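All the letters of the sequence shown, read from the start, carry residue numbers 10 to 209 under the numbering used here. Written out below as structure tokens is the structure these notes cover.
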Amino acid sequence: MGFGVLRVVNDDSIDPESGFPLHHHENMEIITVMLEGTLTHEDSMGNRKEITKGEVQVMSAGTGVDHSEWNHEKKLAAKLLQIWILPDKKDHTPRYDQRKYEAQDRHDQFSVIVSGKHKEGVLFINQDAHIARAHIAEGKHAAYACEDPSRGLFLFVISGKIEIGENVLEERDAMEISGETLVSIKAHQLADVLIIDVPL
């Protein structure tokens, strides 16, 4: 908790017919990466959306948003990563967006899914940060280039097993990296890897 502007990464599993009742957030960029199941989001901006596997949601809480997240499924748990990033300034106008990303677009390469720069096909947040994801086949490599060695990379292994430098990471392992401009990852077995690139 607390790596540059990255506040927290929650690895959540929400049981069937349960969730988080209406609650308040402000001055936080909240990114939800759905891994399994379906989550229903409702908020004070008037949004009511279902988020399913492969989809990513961004909620800029800004001046303040009330929202709830609920798993209405009868049998299946909803599994997700929820990432909180501090905004570049306080009191942005609250905003909501979501997008589905296809797994084939990130085979053996990192694909940016969230960014502080406006890019077509990429969800925007109010911070100079980037989130990228790769599916790396067994024995293959994927590299991530960092623009500035003063930035930090938070690497999270969603599934599989990887080698990075002299380190071997397995499912749900994480690593903080700083002082690097290029990170190369080798998969020991099919791996799903997330990188969060942030100012320190």
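Glycine included, C-beta positions come from ideal geometry on N, C-alpha and C. Here the structure is a predicted model, which is why all the values come from computation and not from measurement.
query	result
Three-state secondary structure (DSSP) of Ala112	helix
Contact check, Ala200 vs Gly148, beta carbons under 8 Å	no
Chain-order list of residues whose beta-carbon lies under 8 Å from that of Arg57 (same chain, five-residue window excluded)	Thr49, His50 and Glu51
Distance between Thr190 and Glu156 (C-alpha atoms, nearest Å)	6 Å
CB contact flag (Ser53, His32, <8 Å)	no
Neighbourhood of Leu44 by C-beta distance below 6 Å, restricted to the same chain and skipping five residues each side	Lys88 and Leu89
Pro46, buried or exposed, once every other Cβ within 10 Å from all chains shown has been counted against 16	The question names Pro, but residue 46 in the sequence shown is Gly. Result: buried.
CA nearest to the CA of Tyr222, picked from Val177, Lys128, Leu203 and Glu180	Outside the shown range of the chain (10 to 209) lies residue 222, about which nothing can therefore be said.
Proximity winner among Glu78, His150 and Val74, relative to Ser22 (alpha-carbon distances)	Glu78
Through-space distance from Asn176 to Gln198, alpha-carbon basis	15 Å
Stretch pair the region 56–71 + the region 110–126: three plus CB contacts closer than 8 Å	yes
Three-state secondary structure assigned by DSSP to Ala86	coil
As assigned by DSSP and simplified to three states, the class of Asn176	strand
Pro25 versus Glu59 - alpha carbon distance	15 Å
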